[in-house]
Amino acid sequence: MNRRAVRSGPWLLCAALVAGCGADVATPAAADARGPRVCKDHNPLRNAYFGDLHVHTKYSLDASTQGTEVGPHDAYRFALGERIPVQPYDEHGVGLRSTQLVRPLDFAAVTDHAEFFGDTEICTHPEYPGYDSPECRFYRGRPNEAFLAFNFQLALSGVPTAGGGKQVPRMPYCGLGGQNCLDAARTPWTDVQRAAEAFYDRSRECRFTTFVGYEWTGSPRSDNWHRNVLFETDTVPALPTSYLEAAAPEYLWRALAAQCRAEDGCRSLTIPHNSNLGNGLMFQTSQDSGLPFTAAFAQEKQDNEPLAEIMQHKGQSECLNRGASAADELCGFEILPYNNLAGDRLLNTNPPKEQDFLRAALKAGLAQEQALGANPFKYGLIGSTDSHIGAAGQVLEDRFPGHGGAGQPNRDALPAGLTDLIEYNPGGLAVLWAEENTRESLYAAMRRREAYGTSGPRMTVRFFGGAELPENLCQRNDFARAGYAHGVPMGGDLPASAAGKKPRFALWAMQDPGAEGEPGLPLQRLQIVKGWIENGEPKEAVFDVAGDRNNGASVDEATCEASGSGFADLCTVWEDADFDPAAPAFYYARVVQNPSCRWHAQQCLAAGVTPASCPLPQGHAFEGCCDTAYPRTLQERAWTSPIWYRPRA
Amino acid sequence: MDLAHLVSAARMNAIAPSGPRAARLKPLLHFVLLGALLFAARPLLPLQRFTTEPIEVSAGEVERLRAEWRAEMRRPPSAVELAAMVRRHADEQRLLREALRLGLDRSDPVVRRRLVQNLRFVRAEPAGDEAALLDEALALGMATRDLVARRRLVQAMEERLAAGVSVSAQEARAYAAAHPQRYGGIARVSFEQVFVDGGTVGAEAQAAELAVQLAGEPDAAPAGDAFLLGARFTARSQPELARSFGAEFARAALQAPVGVWTGPLRTPYGLHFLRVDSVERGGEVDLAAVQRQARYALLQERERETVQAQLETLRRRYPLRLETPLLAVAGAG
Numbered sequence: 053m054n055r056r057a058v059r060s061g062p063w064l065l066c067a068a069l070v071a072g073c074g075a076d077v078a079t080p081a082a083a084d085a086r087g088p089r090v091c092k093d094h095n096p097l098r099n100a101y102f103g104d105l106h107v108h109t110k111y112s113l114d115a116s117t118q119g120t121e122v123g124p125h126d127a128y129r130f131a132l133g134e135r136i137p138v139q140p141y142d143e144h145g146v147g148l149r150s151t152q153l154v155r156p157l158d159f160a161a162v163t164d165h166a167e168f169f170g171d172t173e174i175c176t177h178p179e180y181p182g183y184d185s186p187e188c189r190f191y192r193g194r195p196n197e198a199f200l201a202f203n204f205q206l207a208l209s210g211v212p213t214a215g216g217g218k219q220v221p222r223m224p225y226c227g228l229g230g231q232n233c234l235d236a237a238r239t240p241w242t243d244v245q246r247a248a249e250a251f252y253d254r255s256r257e258c259r260f261t262t263f264v265g266y267e268w269t270g271s272p273r274s275d276n277w278h279r280n281v282l283f284e285t286d287t288v289p290a291l292p293t294s295y296l297e298a299a300a301p302e303y304l305w306r307a308l309a310a311q312c313r314a315e316d317g318c319r320s321l322t323i324p325h326n327s328n329l330g331n332g333l334m335f336q337t338s339q340d341s342g343l344p345f346t347a348a349f350a351q352e353k354q355d356n357e358p359l360a361e362i363m364q365h366k367g368q369s370e371c372l373n374r375g376a377s378a379a380d381e382l383c384g385f386e387i388l389p390y391n392n393l394a395g396d397r398l399l400n401t402n403p404p405k406e407q408d409f410l411r412a413a414l415k416a417g418l419a420q421e422q423a424l425g426a427n428p429f430k431y432g433l434i435g436s437t438d439s440h441i442g443a444a445g446q447v448l449e450d451r452f453p454g455h456g457g458a459g460q461p462n463r464d465a466l467p468a469g470l471t472d473l474i475e476y477n478p479g480g481l482a483v484l485w486a487e488e489n490t491r492e493s494l495y496a497a498m499r500r501r502e503a504y505g506t507s508g509p510r511m512t513v514r515f516f517g518g519a520e521l522p523e524n525l526c527q528r529n530d531f532a533r534a535g536y537a538h539g540v541p542m543g544g545d546l547p548a549s550a551a552g553k554k555p556r557f558a559l560w561a562m563q564d565p566g567a568e569g570e571p572g573l574p575l576q577r578l579q580i581v582k583g584w585i586e587n588g589e590p591k592e593a594v595f596d597v598a599g600d601r602n603n604g605a606s607v608d609e610a611t612c613e614a615s616g617s618g619f620a621d622l623c624t625v626w627e628d629a630d631f632d633p634a635a636p637a638f639y640y641a642r643v644v645q646n647p648s649c650r651w652h653a654q655q656c657l658a659a660g661v662t663p664a665s666c667p668l669p670q671g672h673a674f675e676g677c678c679d680t681a682y683p684r685t686l687q688e689r690a691w692t693s694p695i696w697y698r699p700r701a
Numbered sequence: 026m027d028l029a030h031l032v033s034a035a036r037m038n039a040i041a042p043s044g045p046r047a048a049r050l051k052p053l054l055h056f057v058l059l060g061a062l063l064f065a066a067r068p069l070l071p072l073q074r075f076t077t078e079p080i081e082v083s084a085g086e087v088e089r090l091r092a093e094w095r096a097e098m099r100r101p102p103s104a105v106e107l108a109a110m111v112r113r114h115a116d117e118q119r120l121l122r123e124a125l126r127l128g129l130d131r132s133d134p135v136v137r138r139r140l141v142q143n144l145r146f147v148r149a150e151p152a153g154d155e156a157a158l159l160d161e162a163l164a165l166g167m168a169t170r171d172l173v174a175r176r177r178l179v180q181a182m183e184e185r186l187a188a189g190v191s192v193s194a195q196e197a198r199a200y201a202a203a204h205p206q207r208y209g210g211i212a213r214v215s216f217e218q219v220f221v222d223g224g225t226v227g228a229e230a231q232a233a234e235l236a237v238q239l240a241g242e243p244d245a246a247p248a249g250d251a252f253l254l255g256a257r258f259t260a261r262s263q264p265e266l267a268r269s270f271g272a273e274f275a276r277a278a279l280q281a282p283v284g285v286w287t288g289p290l291r292t293p294y295g296l297h298f299l300r301v302d303s304v305e306r307g308g309e310v311d312l313a314a315v316q317r318q319a320r321y322a323l324l325q326e327r328e329r330e331t332v333q334a335q336l337e338t339l340r341r342r343y344p345l346r347l348e349t350p351l352l353a354v355a356g357a358g
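For the record, the sequence lines run as chains D and H. One gets my numbering by counting positions in the first sequence from 1 and adding 52 to each. One gets my numbering by counting positions in the second sequence from 1 and adding 25 to each.
#1: Using a C-beta to C-beta distance shorter than 8 Å, which residues of chain H count as neighbours of D/Tyr252?
#2: Please specify which runs of the alpha helix (DSSP H), each continuous and at least 4 residues long, are wholly inside the stretch 577 to 659 of chain D, giving them in chain order.
#3: May I have the straight-line CA-CA distance separating D/Glu381 from D/Asn373, to the nearest angstrom?
#4: Unbroken beta strand (DSSP E) runs of length 3 or more, entirely within the stretch 263 to 351 of chain D: which are they?
#5: Determine, using beta carbons only, whether D/Glu613 comes closer than 7 Å to chain H.
#6: Counting C-beta neighbours from all protein chains within 10 Å, is the total for D/His144 16 or more, i.e. buried, or is it exposed?
#7: For H/Ile211, decide whether its Cβ has a neighbour in chain D, counting only Cβ atoms nearer than 7 Å.
#8: Please specify which runs of the alpha helix (DSSP H), each continuous and at least 4 residues long, are wholly inside the stretch 471 to 550 of chain D, giving them in chain order.
#9: Figure out for me which residue from H/Ala203, H/Gln142, H/Pro344, H/Asp130 has the closest Cα to the Cα of H/Thr169.
#10: For the beta strand (DSSP E) that contains H/Phe216, what are its first and last residues?
#11: Does the stretch 569 to 588 of chain D touch the stretch 530 to 537 of chain D, meaning 3 or more C-beta pairs lie closer than 8 Å?
#12: Given a cut-off of 7 Å on the beta-carbon distance, is the pair D/Ala653 and D/Arg684 in contact?
#13: Is H/Glu78 helix, strand or coil when you go by DSSP?
#14: With 7 Å as the threshold, decide whether the Cβ of H/Val79 is near any Cβ in chain D.
#15: Compute the distance between the beta-carbons of D/Pro647 and D/Ser606, then report whether it is under 7 Å.
#16: When the distance is taken between beta carbons, is D/Arg650 closer than 7 Å to D/Leu622?
#17: Could you tell me the boundaries of the beta strand (DSSP E) in which H/Pro289 lies?
#18: Does DSSP classify D/Gly74 as helix, strand or coil?
#19: Using a C-beta cutoff of 7 Å, does H/Pro293 count as contacting chain D?
#20: Spell out the partners DSSP gives D/Met363 in its beta bridges.
#21: Under a Cβ-count criterion, where at least 16 other Cβ atoms within 10 Å of its own Cβ denotes burial, should H/Ser303 be classed as buried or exposed?
#22: Would the beta-carbon of H/Val301 fall within 7 Å of that of H/Val221?
#23: When we look at the beta-carbon of D/Asp628 and count the other beta-carbons within 10 Å, is it buried (16 or more) or exposed?
#24: Using three-state DSSP, classify H/Leu279 as helix, strand or coil.
#25: The ligand ATP heavy atoms versus the CB of D/Ser615: any closer than 6 Å?
#26: So, with DSSP's three-state summary, where would you put D/Asp104?
#27: Do you know how far the Cα of D/Leu333 is from the Cα of D/Trp277?
#28: Starting from the C-beta of D/Pro565, find all residues in its chain whose C-beta is less than 7 Å away, skip the five residues before and the five after it, and write them out in chain order.
#29: If I follow the unbroken beta strand (DSSP E) through H/His297, where does it start and stop?
#30: Could you give the DSSP three-state label for D/Val138: helix, strand or coil?
#31: So for D/His125, helix, strand or coil by DSSP?
#32: Could you give the DSSP three-state label for D/Phe130: helix, strand or coil?
#33: Go ahead and pull the three-state DSSP assignment for D/Arg256.
#34: Which of the three DSSP states is assigned to H/Ser83 in this structure?
#35: Helix, strand or coil for H/Leu127, going by three-state DSSP, please let me know.
#36: In the DSSP assignment, find the alpha helix (DSSP H) that holds H/Val147 and state where it starts and stops.
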C-alpha cells in the first residue's frame, strides 16, 4: 500500500462524519425518497439570483480583535435577513449591537481562511479516542477501501428502529452514542459544513442556497494571491488545502483534483480576488516554477477558475485610470492607492499596477490563447463583500458598518469617526442567472460564467451576443428566449457566423427597484467594453451604447440628495462596426447608475461634517471627510461577464 | 492516595520469592511494580496544579483593550462597550486556563504549528526538532501570548465545552414547526401582465386606455410594451417579486384577486396590469425536506447555550478581580 496515498488519497468525509453521528436523522436528502427536487420558482429561461461568495466569520482569525462571535451559522442567518447580534457582548453572551439586511440574499458562501482551521481527523490524530479503533487502523492502512466504505454509508437510507423513527447507521468509529464523532466534529471546518447544511433550503421552496467553501490565503511578501474555493455539494475534502500545504495556486488545484473528484460526488472551483493588490503576482504569465505557461497549464488554470471578483471591500479590480484605460474616467472608481496588502498599514505606498486589473488580464488572456491555444485568464466577473463580521451582502453605502465595526450601537450616540479606512468600501454582490435556486443550478451558472457583479445595488442585467440576434430584440417580450436561441449569454463564446457578418450584442438593464428605506437609483447609461489583439498589441475601447452620460444627474454634496433624471431601464442592440474576424476579442457590458454619495460622505453628513466644514483640525475624528483624494460621490455599476470571440482557423 | 501509600502497598502486596536470587530481584520487582502502578495511576493525576485563583485584570490591561478597540473601530469605546470587552477578556482568560489545564497547548495542531513556526522564524532555523521547539515555545508562555495560538486555544476549549450536545428527530421537527418563516411554505402567485413603459411619451394615457380595454375584454390579450422579464410569471413569492419589481408591487400582486385584471400598479419601470391565474397559500412546513436543516440549526443553538452555561461555571470557579473599578478607568482618555 502506498503510504503517500494517505496524504493525497480521496479523503472525503463529508456528510458521513457530520450527519451520521449523534442523534437520529432521516434520509440524507429528501429528494432521494421522492424523486429529484424541482423548485417552485424554476424558470427554464433563468432567474437572476443575488448573493455573496466571500464572507469571513470568527474562524478567520483576522476578524475583529474584539472577540467576534459571529460564526458561519450567524453569517447565514444574516444573509437570510435575520437580525444578528454583534460585539460587544454582555455577561450572558448576548450582543449589545445588531445588524440586519433590508433585502435577504439568495445565496452565500462562508469562506474563512483555511490556514487557521487546523482540522484534524479522528483517524489521523492520536489524541482522539477513536484513533486506535479497528476502523481507523483500516482507514490509515487502506484509505481507498475505507473511503468506499464511508460513501456506502452515505448511500444507505434510514433503517427503521424500535422507537419508530429512522436512523442512518453511524460510522463504526463514532463509538457508542456517536461521541467520538462529536468530538472530532468540533472543528472549524466541520462547523462550516454544518452551517452550510443547516441553512441550505433543500425543500421545494428553494429559499436560500449555501456553499461550503474557504479562502486559500496565499500572500507571499504581502502580494495578494488569494482565492476562494467553493464546493458544489456537501461532499468535500476532509482537510481543506490551505496555503500552508500548497504554496502556489497550481498546487492547490492539483490537491483539489486529488481530493475532490467528480466520481466521488465532489466538484470545486476557485475564484481569485483583489488582483488589484497583487503587485504583478495575480496575472503573471509564468508558473510558480518560473517556467512560462504551457497550453496544458493555461487550460488547467481556465478549468479551475471560471470567475474572478471584480469588486469587493478592498477596491475594484476592473481597470486602472492610467495607461491603456486612462481615457475611461469610470476607471477611477474605488481604486486603492497602493499595490499590495501591506498598503493599509502604510508600509507600502507604491502605486497600483495596470497588469493587476482584470481588463488588462482579459486582454493578456487573448494573447496567451493566440500563442498557446488556451486562455488562462478567461474570467467571468462577480462582486462580493469580503465582510469580516459575517455580514454577508451588507453593501449599502449609507449604513456601512465598516470592516470590523458593526452598525449603530443600540444605546450610544453616533460613533465618532468613519467606520472604516477611507479607501475601503462596502463591497459588491455576485449575481447568477440560473434556472432555480439550488446548488446544482447556481454552480452550473458559475461554471458557464453566466454571472455578473455589482458594486452593491441590485440591477437586473441581461447580455447576449451573436451575429444572428434580431435587431428588434428590445421591442420583444421574449428578449431572453430569443437571446438564448440566436446567440450566447454573458460568459459565453460567440458562435461562428457567416463571413462578413458582424457580431451584435443585446443588452438590457433594469435599475435596482429599491426596498423599504433603500430606494433604488435610476440608470445613467450602458456601455460595452471591448478588448482585442491587433497586430500583436492589446487594445481596448469603451462604447456608450444607451442612455446619456450628460443627463445632468448629480448629487448635492451638502445633503447627499440625488437630482436629475435617469432611466428606469435601458435596452439596446449594438453591432461592432469595427469587428475584425482575424482579431481575438472580448466584450463585456458595464451598467452605470446615476451619481450618489459615497459611504464616507454619508457618514460625514450624518456627523454634521459638510465640505464647508473643511479644513478640520488635525486629529479630528472625521478628518477623513476632508480628504479630497476620495471623491464624495460615485456612480455605482454592474459588470457582466465577457463574451469571447475566437477567430476560426 | 499519595506516593507513600502506593509504595507501601506495593511492598505489602508483593509476593516475594525466597532465596539469594530472589534477594537480588526484589528491588527490580519493586521497581517494575512501582512503574506499573504509576502508569496505571496516570489518568488520576492532574496535568497541572488545579488553581482557583481569580482572573486579574490590571488597569494596564484595560487600557490595552481600550486602545485595541480604538484602533479597530476608529473611535473610543463607550463605558458599556468597555465593560463588555473586559468581561469578554476575562472569559477568554478562563477558557485559556482550562485549555492549558487540559494540555491543549501541546495537543492542538494549529497551536503547535504556529508556535514552532514562530520559533523557527526567530531562530532563522528552517530545521530543528519540532518537539524541542514546542517545549521551548511553551516555556516562553507563547501559547497564551501569540494571538493566533491564543485564539485557537479559546476556540478549541469552546468546542470541547459544547461536546455531547445532540438533537433528536422530534426536537428538530418541533423546531422546524416553530420557525415557519425559515422552513415553512411561502405564498406564491402566478400571473400574466401587460406593461406600459413609463419612459414613453403618453404612458399615462395609454395605461388609462388599457384599463378600460382590459375591463371590457379581459381575454383580448393586448401586447403592451416589452418587459425584460417577460409577460408570464409562475409561482413567484413576494420576496422574489420584490427583488424584480419593488416591494409595493410584490405586496399588491400577492393580494390581487384571481382571474380579473388589476392595475395599473406603479413601479420605477412603468405601469403594470396583472391577472392572477392562481395563488398558493404557503405556510405549511415540509418536515421531511427541512428536518435535517432544522436539526443542524438547533444543534448549533444548543451548543452555544451549553458553552454559555459552562462559562457560568467557569466564572464562579475563577472570579474576576479588577485592579481598578471600571468606572474610574472609563473616565480616563
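We put the beta carbon where it would ideally sit given N, CA and C, even for glycine.
Reading off the structure:
#1: Working through the first sequence from its first residue, we reach residue 252 of chain D at position 200. Correct list: Gln318.
#2: 651 to 658
#3: Residue numbering aside, residue 381 of chain D sits at position 329 when the first sequence is read from its first letter. Residue numbering aside, residue 373 of chain D sits at position 321 when the first sequence is read from its first letter. Taking the straight line from one Cα to the other gives about 7 Å.
#4: 279 to 283, 320 to 324
#5: Residue mapping note: residue 613 of chain D aligns to position 561 of the first sequence, counting from 1. No, because no Cβ of chain H sits closer than 7 Å to the Cβ of D/Glu613.
#6: Taking the first residue of the first sequence as position 1, residue 144 of chain D is located at position 92. Exposed, by the Cβ-count rule.
#7: Position 186 of the second sequence, counted from the start, is the residue given in the question as residue 211 of chain H. True, the Cβ-Cβ gap to chain D drops below 7 Å.
#8: 491 to 499, 531 to 538
#9: As a working mapping, residue 169 of chain H is identified with position 144 in the second sequence. Nearest option by C-alpha distance: H/Asp130.
#10: Residue numbering aside, residue 216 of chain H sits at position 191 when the second sequence is read from its first letter. Taken as a continuous stretch (DSSP letters only), the beta strand (DSSP E) holding H/Phe216 covers 213 to 222.
#11: no
#12: Within the first sequence, the letter at position 601 stands for residue 653 of chain D. Within the first sequence, the letter at position 632 stands for residue 684 of chain D. Taking 7 Å as the Cβ cut-off, D/Ala653 and D/Arg684 qualify as a contacting pair.
#13: Taking the first residue of the second sequence as position 1, residue 78 of chain H is located at position 53. Coil.
#14: To locate residue 79 of chain H, count along the second sequence from 1; it is residue 54. Per the sequence presented here, residue 79 of chain H reads as Pro, with Val not at that position. Output row for H/Pro79: interface = no.
#15: As a working note, residue 647 of chain D is residue 595 in the first sequence. As a working note, residue 606 of chain D is residue 554 in the first sequence. Cβ distance < 7 Å, so D/Pro647 and D/Ser606 count as in contact.
#16: Taking the first sequence and counting its residues from 1, one reaches residue 622 of chain D at position 570. Taking the first sequence and counting its residues from 1, one reaches residue 650 of chain D at position 598. Cβ distance not < 7 Å, so D/Leu622 and D/Arg650 don't count as in contact.
#17: Here the question's residue 289 of chain H lines up with position 264 in the second sequence. Its beta strand (DSSP E) spans residues 286 to 292.
#18: Counted from its first residue, the first sequence places residue 74 of chain D at position 22. Bear in mind that a pLDDT of 34 at D/Gly74, under 50, signals an unreliable position, so the number given afterwards is only what the model happens to contain. Note: D/Gly74 maps to coil in three-state DSSP.
#19: Position 268 of the second sequence holds residue 293 of chain H. Yes, its Cβ sits closer than 7 Å to a Cβ of chain D.
#20: For the purposes of this step, residue 363 of chain D is identified with residue 311 of the first sequence, where counting begins at 1. BP columns for D/Met363 point to D/Gln368, D/Gly435.
#21: As a first step, residue 303 of chain H is located in the second sequence; it is residue number 278 there, counting from the start. The residue is exposed, with fewer than 16 neighbouring Cβ atoms inside 10 Å.
#22: The sequence position of residue 301 of chain H within the second sequence is 276, counting from 1. The sequence position of residue 221 of chain H within the second sequence is 196, counting from 1. It is not a contact, given that the beta carbons lie outside the stated cut-off.
#23: Mapped onto the first sequence, residue 628 of chain D falls at position 576. Under this definition D/Asp628 is a buried residue.
#24: Your numbering for residue 279 of chain H matches position 254 in the second sequence. Helix.
#25: Within the structure as shown, the ligand ATP is missing, as the structure has no ligands at all.
#26: Translated into positions along the first sequence, residue 104 of chain D becomes position 52. Reduced to three states, the DSSP call for D/Asp104 is strand.
#27: On the first sequence, residue 277 of chain D is found 225 positions in, with the first residue counted as 1. On the first sequence, residue 333 of chain D is found 281 positions in, with the first residue counted as 1. Whole-angstrom Cα-Cα distance: 7 Å.
#28: Residue numbering aside, residue 565 of chain D sits at position 513 when the first sequence is read from its first letter. Contacts found: Gly572.
#29: Taking the second sequence and counting its residues from 1, the one referred to as residue 297 of chain H is at position 272. It spans 295 to 305 - the beta strand (DSSP E) in which H/His297 sits, taken as one unbroken run.
#30: One-based indexing of the first sequence puts residue 138 of chain D at position 86. The answer is strand: DSSP assigns D/Val138 an E or B state.
#31: Here the question's residue 125 of chain D lines up with position 73 in the first sequence. Three-state result, D/His125: helix.
#32: Locating residue 130 of chain D in the first sequence gives position 78, counting from the first residue. If DSSP states are grouped into helix, strand and coil, D/Phe130 belongs with the helices.
#33: Residue numbering aside, residue 256 of chain D sits at position 204 when the first sequence is read from its first letter. Coil.
#34: As a first step, residue 83 of chain H must be located in the second sequence, where it is residue number 58. DSSP places H/Ser83 in coil when its eight states are reduced to three.
#35: Here the question's residue 127 of chain H lines up with position 102 in the second sequence. Of the three classes helix, strand and coil, the one that applies to H/Leu127 here is coil, per DSSP.
#36: Start at 1 with the first residue of the second sequence, and residue 147 of chain H comes out as number 122. 134 to 148 is the extent of the alpha helix (DSSP H) around H/Val147.
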